[in-house]
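Chemist: Dropping the structure in here first, questions after.
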Amino acid sequence: MSQQPIETIKDGKLSAAIWQNSGDKGLFYSVTFARVYTGEDNQPHSATSFSGSDLLKVAHLSQKAYDRCQALRDTLK
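When we follow this note's numbering, the leftmost residue of the sequence shown carries the number -8, and every step to the right adds one.
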């Protein structure tokens, strides 16, 4: 459906993007996680690997994304 996330939750350089999708059983939501960094070209890039010190932030973002997806599912009912 959407080529852009419907919502992005951020914590510093980490983000959780919420995507709305359509399947045989209707709409559903998925989440991707990313870390933004500045490359050698001085341009922003994103990565999907995280350092040990990022993992607690990823866990908190995951909980927030789960809660938001649940709220979005509830609006479909």
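Where a beta carbon is used, it is the ideal one built from N, C-alpha and C, also for glycine.
Values in this document were obtained by computation on a predicted structure and should not be read as measured data.
1) Identify which residue in Thr66, Gly14 and Arg26 has its Cα closest to the Cα of Ser37.
2) Kindly indicate which three-state DSSP category Asp32 falls into: helix, strand or coil?
3) Quick check on Thr66: does DSSP put it in helix, strand or coil?
4) Would Tyr28 be called buried (16 or more neighbouring beta carbons within 10 Å of its own) or exposed?
Modeler: Straight from the coordinates:
1) Working through the sequence shown from its first residue, we reach residue 37 at position 46. Closest in alpha carbon position to Ser37, among Thr66, Gly14 and Arg26, is Arg26.
2) Translated into positions along the sequence shown, residue 32 becomes position 41. Reduced to three states, the DSSP call for Asp32 is coil.
3) As a working mapping, residue 66 is identified with position 75 in the sequence shown. Taken through DSSP and simplified to helix, strand or coil, Thr66 comes out as helix.
4) To locate residue 28, count along the sequence shown from 1; it is residue 37. The residue in question, Tyr28, is exposed, as its Cβ has fewer than 16 Cβ neighbours within 10 Å.
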